[in-house]
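*Asks:*
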Amino acid sequence: MIIIMTVKTRFAPSPTGYLHIGGVRTALYSWLHARQNKGNFILRIEDTDRERSTQESVDAIIEGMDWIGLDYDEGPIFQTDRFDRYTEVINQLLEQGDAYHCECTRDELDAMREAQRANKEKPRYNGKCRDAGHNGNDIESVIRFRNPVDGDVLIDDLIKGQITINNRELDDLIIARSDGTPTYNLTVVVDDLDMGVTHVIRGDDHINNTPRQINMMKALGAELPQFAHAPMILGGDGKRLSKRHGAVSVMQYRDEGYFPQALLNYLLRLGWSHEDQEIFSRDEMISLFKIENVNGAPSTFNTKKLLWVNEQYIKTLPAVEITEHLQWHLDDQDLDVSNGPALHDVIEAHRDRAKTLKELAASIGYYYEDFSEYDEKASKKHFKTATPDILQNLLDKFSKVSDWNAANIQAEINATCEELELGMGKVGPALRVAVTGSGMSPSLDITMALIGQQRSLQRLQKAVEFTRQKYA
RNA sequence: GUCCCCAUCGUCUAGCGGUUAGGACACCGCCCUUUCACGGCGGUAACCGGGGUUCAAGUCCCCGUGGGGACGCCA
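Under this note's numbering, the first residue of the first sequence carries the number 708, and numbering increases by one thereafter.
1) Which one or two residues does DSSP pair with D1181 in a beta bridge?
2) Just to confirm my understanding: we take T1092, look at its own chain, exclude 5 residues before and 5 after, and list those with CB closer than 7 Å. What are they?
3) Per DSSP, what kind of secondary structure is I914 in: helix, strand or coil?
4) Report the three-state DSSP secondary structure of L877 (helix, strand or coil).
5) Consult DSSP for L1042 and reduce its assignment to one of helix, strand or coil.
6) Could you tell me how far apart the beta carbons of K1062 and E1018 are, in whole angstroms, since I believe they sit closer than 8 Å?
7) Which term fits Q1040, buried or exposed, when burial requires 16 or more other beta carbons within 10 angstroms of its beta carbon?
8) Closest to G724 by C-alpha separation, out of T733, R742, D766, Q743, would be which residue?
9) Using only the alpha-carbon positions, how far apart do D859 and T917 sit?
10) Alpha carbons only, please: which of D864, L893, N854 is nearest the one belonging to N874?
11) Taking only the alpha-carbon atoms, compute the straight-line gap between S988 and Y965 and give it to the nearest angstrom.
12) Got a sec, what are the start and stop residues for the beta strand (DSSP E) T1023 sits in?
13) Using CA coordinates, which residue listed in P1095, H740, L750, Y736 is at the minimum distance from R717?
14) With the cut-off set at 9 Å, would you say T1184 and L927 are in Cβ contact?
15) Would you tell me roughly how many angstroms separate the C-alpha atoms of A883 and I921, rounded to the nearest one?
16) Quick check: the Cα distance between E846 and I784, rounded to an integer number of angstroms?
17) Quick check on DSSP: helix, strand or coil for V1140?
18) Just how far apart, CA to CA, sit S848 and L971?
19) Tell me, to the nearest whole angstrom, how far the beta carbon of H1036 is from that of K1065; I am working on the premise that it is less than 8 Å.
20) The beta strand (DSSP E) with P783 in it runs from where to where?
21) In three-state DSSP terms, what is H1032?
22) Give me the residue from C811, H906, K1084 with the minimum Cα distance to A734.
23) How about A1085 and R1166: are their beta carbons less than 9 Å apart?
24) Relative to the alpha-carbon of T794, which residue among T1123, P889, F852 has its alpha-carbon at the smallest distance?
25) Hey, could you find the ends of the alpha helix (DSSP H) H841 is sitting in?
26) Would you report the Cα separation of E1125 and M992, rounded to the nearest angstrom?
27) State buried or exposed for A969, treating a residue as buried only when at least 16 other CB atoms are found within 10 Å of its CB.
28) For V1134, collect the residues of the same chain with a Cβ closer than 8 Å to its Cβ; drop the 5 residues on either side in sequence, then sort them by chain order.
29) From the DSSP output, in three-state form, read off A1049 for me.
30) Where DSSP assigns a beta bridge to H981, which residues make up the other side?
31) Compare the Cα-Cα distances from D817 to each of N833, I986, L726, K1011 and report the closest residue.
32) Is it the case that the Cβ atoms of K867 and G1003 are separated by a distance below 9 Å?
33) So, Q743 versus S980, is the Cβ gap smaller than 9 Å?
34) Helix, strand or coil for L1129, going by three-state DSSP, please let me know.
35) Give the straight-line distance between the Cα atoms of N915 and I872, rounded to the nearest whole angstrom.
36) What residue range is occupied by the uninterrupted alpha helix (DSSP H) comprising I728?
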């Protein structure tokens, strides 16, 4: 009989800062693995370090997960709610003889490490209290796990392959602080076991913790989950992306105008690929992704490629979906789009010329609000002595248009060109500055159709006056 | 320093013993063009070094080198 365990993965950040890119990627891998196996994905907040954990960070993580769209089936679970359970396990370990009280002081430990470093050795606990038999009643003490001394620990890593670490390299780690609170390595083990996590997917900065955790799991007589350690993401400087350089909050990517889906897409392709495909829908990600195919090597974050991916989304996503995400930027930029053309149509006209939602929002103001000044460079370049007459000619023709649409607008522009014996290049740019205030826009017929006849005529009138005065 | 991981164009990657070493981003040309873009076409550009194994090595093994990570009463 084969028992099929429900796949369960988790993302377990510590709330000591914002949710950053590296975290999002491991969360994505975990989420993907759970979703493609019809399993569960857990969000667990590892807040045992009460000194550094903050509510703001918890909120930021939840907000980030929400924005990026990685939904979880359980959680957020807070480790601080589970202290009783950890204590229980620590006591069990103590009773079993797999843990012991240690009375070494911090100063002693520091001196020990310093000496080891000076001796070109790997700093680790020397086991002084290992067999001292302290009961932990009198002096302030911590509790350490009694790590096996001999043999190797094998990790069959889904990404890295087989990793072997000799127990000689490990020391007896602290599982309970002197104030009685449990530490990370103990809590992860207990939680992953209790919660039935089948696949531990995390950053490879945890590889060194894994053998210790495996030893503890074994001491508890538990069955091991599968491990998958994803490589770090490096910054442009070749150093691991950290809060210090580059690894900004995911929310900053929203602020800069990226689609959550585009960020996810980029992150997915960073270290993983499927044939020559670059763009993956959510469903494709879920069905195509294989944790085993994740590259073992660290990769460098490349903003330009991310920008390109984002551009692809702007170019192809249904306008309604763009609107959903664009709204935040419209609000952010204080642009009210209720008085003007349908946002849908504006998006269609502009989607090919914006790489980010922020850019998009910033470039469509003239459809909804009148501008008070012309772009300096553009007006200088395109408003010439002949301009007033050209614009007046256009104005006269546009005034008579009864059906204001792109084709009719273009026809009038063409008529002016012919009448004045001018090329489009002499007419178009000035007209553009006149009706948009700027030097760039979609083609004029479409742009003006969107701006609307009344607004276009008013602006043209103003531009005629402005340029007449200028060249008077 | 010790241990662990990693190594193909500048970057992300394909390659799983026999390939003109493929794709994407970026970059550079050309075309399109009323602006800004989009787009189309083309181009530059890589197997870290040295030893093995093999008829044959980017692909397997070893040693260097380089990069990353870990070495807390942080997670």
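All C-beta atoms in this analysis are idealised placements derived from N, C-alpha and C, irrespective of residue type, glycine included.
*Replies:* Checking against the coordinates, here is how it stands:
1) With the chain running from 708 to 1179 in the structure shown, residue 1181 is simply not present.
2) Counting from one through the first sequence, the residue named residue 1092 turns up at place 385. Y1178.
3) Taking the first sequence and counting its residues from 1, the one referred to as residue 914 is at position 207. I914 falls in the coil class under three-state DSSP.
4) Along the first sequence, one-based indexing puts residue 877 at 170. Note: L877 maps to coil in three-state DSSP.
5) On the first sequence, residue 1042 is found 335 positions in, with the first residue counted as 1. Coil at L1042, not helix or strand.
6) As a working note, residue 1062 is residue 355 in the first sequence. As a working note, residue 1018 is residue 311 in the first sequence. With a Cβ gap of about 5 Å, K1062 and E1018 count as contacting.
7) Here residue 1040 corresponds to residue number 333 of the first sequence, with the count starting at 1. Exposed, by the Cβ-count rule.
8) As a first step, residue 724 is located in the first sequence; it is residue number 17 there, counting from the start. Out of T733, R742, D766, Q743, D766 has the C-alpha closest to the C-alpha of G724.
9) Position 152 of the first sequence, counted from the start, is the residue given in the question as residue 859. Position 210 of the first sequence, counted from the start, is the residue given in the question as residue 917. Near 12 Å, if we compare the C-alpha coordinates of T917 and D859.
10) To locate residue 874, count along the first sequence from 1; it is residue 167. It is N854.
11) One-based indexing of the first sequence puts residue 988 at position 281. One-based indexing of the first sequence puts residue 965 at position 258. Cα to Cα, the separation comes out at about 16 Å.
12) In the first sequence, counting from the first residue as 1, residue 1023 sits at position 316. Run containing T1023: none in the beta strand (DSSP E); it sits in the alpha helix (DSSP H), 1010-1023.
13) Within the first sequence, residue 717 is the residue found at index 10, counting from 1. Among P1095, H740, L750, Y736, the Cα nearest to that of R717 is on L750.
14) Not covered by the structure: residue 1184. The range shown for the chain is 708 to 1179.
15) In the first sequence, the residue the question calls residue 883 occupies position 176. In the first sequence, the residue the question calls residue 921 occupies position 214. Cα to Cα, A883 sits roughly 18 Å from I921.
16) As a position in the first sequence, residue 846 is number 139, starting the count at 1. As a position in the first sequence, residue 784 is number 77, starting the count at 1. With the sequence shown as reference, residue 846 is identified as Ile, and Glu is not the correct amino acid for it. Computed Cα separation, rounded: 33 Å.
17) Looking up residue 1140 in the first sequence gives position 433. V1140: helix per DSSP, three-state reduction.
18) Here residue 848 corresponds to residue number 141 of the first sequence, with the count starting at 1. Here residue 971 corresponds to residue number 264 of the first sequence, with the count starting at 1. Near 45 Å, if we compare the C-alpha coordinates of L971 and S848.
19) Within the first sequence, the letter at position 329 stands for residue 1036. Within the first sequence, the letter at position 358 stands for residue 1065. Right, their Cβ atoms sit about 5 Å apart.
20) One-based indexing of the first sequence puts residue 783 at position 76. Looking at the DSSP string, the run of the beta strand (DSSP E) that includes P783 is 781-785.
21) Along the first sequence, one-based indexing puts residue 1032 at 325. Looking at H1032 - three-state DSSP - the assignment turns out to be helix.
22) In the first sequence, counting from the first residue as 1, residue 734 sits at position 27. Of the candidates C811, H906, K1084, the one whose C-alpha sits nearest the C-alpha of A734 is H906.
23) What you label residue 1085 is simply residue 378 of the first sequence in a count that begins at 1. What you label residue 1166 is simply residue 459 of the first sequence in a count that begins at 1. It is not a contact, given that the beta carbons lie outside the stated cut-off.
24) The residue you call residue 794 lines up with position 87 of the first sequence. Nearest option by C-alpha distance: P889.
25) Numbered from 1 along the first sequence, position 134 holds the residue referred to as residue 841. Here H841 belongs to no alpha helix (DSSP H), and DSSP marks it neither H nor E.
26) Residue 1125 sits at position 418 when you count from the first residue of the first sequence. Residue 992 sits at position 285 when you count from the first residue of the first sequence. Approximately 54 Å, taken between the alpha carbons.
27) As a working mapping, residue 969 is identified with position 262 in the first sequence. Burial call: buried.
28) Start at 1 with the first residue of the first sequence, and residue 1134 comes out as number 427. Excluding residues within five positions, the ones whose Cβ falls inside 8 Å are I1097, L1101, I1120, T1123, C1124, L1127.
29) Residue numbering aside, residue 1049 sits at position 342 when the first sequence is read from its first letter. Note: A1049 maps to coil in three-state DSSP.
30) Residue numbering aside, residue 981 sits at position 274 when the first sequence is read from its first letter. H981 is bridged to Q984.
31) Taking the first sequence and counting its residues from 1, one reaches residue 817 at position 110. Closest by alpha carbon: N833.
32) Position 160 of the first sequence, counting from 1, holds the residue named residue 867. Position 296 of the first sequence, counting from 1, holds the residue named residue 1003. The answer is yes: Cβ separation under 9 Å.
33) Here residue 743 refers to the residue found at position 36 when the first sequence is read from its first residue. Here residue 980 refers to the residue found at position 273 when the first sequence is read from its first residue. Going by C-beta atoms, Q743 is not nearer than 9 Å to S980.
34) For this step, residue 1129 is matched to residue 422 along the first sequence. Here L1129 sits in coil by DSSP.
35) Position 208 of the first sequence, counted from the start, is the residue given in the question as residue 915. Position 165 of the first sequence, counted from the start, is the residue given in the question as residue 872. C-alpha separation (whole angstroms): 9 Å.
36) Numbered from 1 along the first sequence, position 21 holds the residue referred to as residue 728. Taken as a continuous stretch (DSSP letters only), the alpha helix (DSSP H) holding I728 covers 728-743.
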